[in-house]
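Working notes, structure below.
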Ligand code: OMP
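Numbering (UniProt numbering), first residue to last: 1 to 213.
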């Protein structure tokens, strides 16, 4: 695990973004942990988050033309990543987002910001079963653009429809990489090395045995 990944896990736990307990997921699964990106809810937290996303993206070295933040949660994530790419990495790239409802006045439409065209890097929070990301793919394909990849904060490494993980299925079905700041495996490593947090390991490992790959 890289230093920035360890730092990211520490930061997420400190902010209460990564929590342990009992949570019902969108997929209906009951999980002993939850990642709530909405709790990166101060200026400094969002700035730091943008740096982590930008670091993961630069390390992956995937080419793309535009960053896309799907409504609603992806919007600040894509914005923060765009700011960090420009300020920390000297890459001033276009970014855009969608509205959930089409606007029929002013500039109209459902897309805001740079044109959603060319190779699109989607920025989102978490992938569990892959449902949310498949909906985003319809927007991109509807515009005639190509997805260059997906950038997320946490890869929960859960099973998809078959033997592969939900993320591997997304990569196979759309022929694009999914880049994450950290994966569950790294969170488990972090927990194992922390005297206080170690107590959460058994529940997370049991969940992984049931739903993981
Ligand atoms: P899938 O559509 O099953 O991939 O779930 C992804 C979505 O679930 C995310 O975009 C979140 O809205 C939500 N989620 C979290 O935010 N954090 C988690 O730790 C788990 C989920 C989830 O419900 O699976």
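Beta carbons: idealized from backbone N, C-alpha and C, even for Gly.
Predicted model only: the values in this text are computed from it and were never measured.
Item, Value
"Take residue 197 and list the residues in its own chain whose beta-carbon comes closer than 6 Å to its own, dropping the five residues that flank it on each side.", "191"
"Check whether the Cβ of residue 182 lies closer than 7 Å to any heavy atom of the ligand OMP, and answer yes or no.", "no"
"In this structure, how does DSSP classify residue 55 when only helix, strand and coil are distinguished?", "helix"
"Using C-beta distances below 7 Å, list every residue in its chain close to residue 40, excluding the 5 sequence neighbours before and after it, in chain order.", "15, 17, 46 and 49"
"Going by C-alpha distance, which of 59, 134 and 124 is nearest residue 75?", "124"
"Is residue 131 near the ligand OMP, judged by its Cβ being under 7 Å from some heavy atom?", "yes"
"Can you pull the DSSP bridge partners for residue 152?", "180"
"Per DSSP, which one or two residues make a beta bridge with residue 113?", "96"
"What is the residue span of the beta strand (DSSP E) that residue 121 lies within?", "119-123"
"Hey, out of 168, 188, 59 and 178, whose CA is closest to residue 120's CA?", "178"
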